[in-house]
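The structure appears right after this line, and notes come after that.
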Amino acid sequence: MAVHAIQETAQMTDPAKGFMFELIFENLLGSRGITGEQIELRAQSYTFPGESMSTTSMAIAGYDRHDAGLKSRGGDWTTSIIETQNYDAINRFEDWLTIMHDFNSGITGFTSEYKIDIQINALNAKKAAVVKRKLRRAWPKTIGNYTFGPKDDKALNLSVTWRFDWWETV
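Residue numbers (the working numbering): 6 to 175.
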């Protein structure tokens, strides 16, 4: 687990249990088309996008150059989506996943058609956002086992590894 600033960690939930996040999706494509509505889902993770950045090297005049402008902000982020309250959001999220990913073959469609921006809010113990970031051009790289279909107010508990092109502070 990465090291967080003291003031940041003191306000967040218990790190031994992972951090709690609110994921905000806009303009998800679904069977109802793109409605323009945003949906919010709760998630838990032991990491936070942007904790570490890999350095990209560039040779200039025969010398390797490493600086902030050459850091890669893309990467992967693994979460467990644990929404238990917003059943309409769960259904819309499932709808989006089933359109873009064939669960029988494990093949995801063209990611350029399905990439979305996701705002992530790290929540403290009082469920207030203390750190906000936006994942740009994100899509689910891997999706855990999950049965889709009609729900009787069933909670969503789904492991998703997100791939994103870059992140930025909001």
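Beta carbons are placed, not taken as given, at the ideal position from N, Cα and C, and that holds for glycine. Computed from a prediction, not measured in an experiment: that's the story for all the values here.
Residue range of the alpha helix (DSSP H) that includes residue i
i	result
Phe98	Tyr92 to Met105
Host beta strand (DSSP E) of residue i (start-end)
i	result
Glu173	Trp171 to Thr174
Gly23	From DSSP, Gly23 is part of no beta strand (DSSP E); its letter is neither H nor E.
Ser85	Gly80 to Ile86
Lys146	Ala134 to Ile148
Ala127	Ile121 to Leu128
Ser50	Gln43 to Ser50
Straight-line Cα distance separating residue j from residue i
i	j	result
Asp122	Gln43	11 Å
Ala7	Ile29	For Ala7, the predicted model reports a pLDDT of 43, less than 50, meaning its position is unreliable; a value from the coordinates is still stated below. If I take the Cα positions, the gap works out to 24 Å.
Ala15	Thr52	Residue placement at Ala15 is flagged as unreliable, the pLDDT there being 47, under the threshold of 50; a coordinate-derived value is accordingly withheld.
Ile148	Gly67	43 Å
Asn162	Thr89	8 Å
Ser110	Glu99	17 Å
Ala48	Arg78	21 Å
Lys146	Val135	27 Å
Lys120	Ile65	34 Å
Supposed contact pair residue j and residue i - C-beta distance, whole angstroms, cut 8 Å
i	j	result
Ser85	Ser164	5 Å
Asp170	Arg141	6 Å
Leu33	Trp101	4 Å
Asn5	Glu27	In this structure the chain extends from 6 to 175, so residue 5 is not present and cannot be described.
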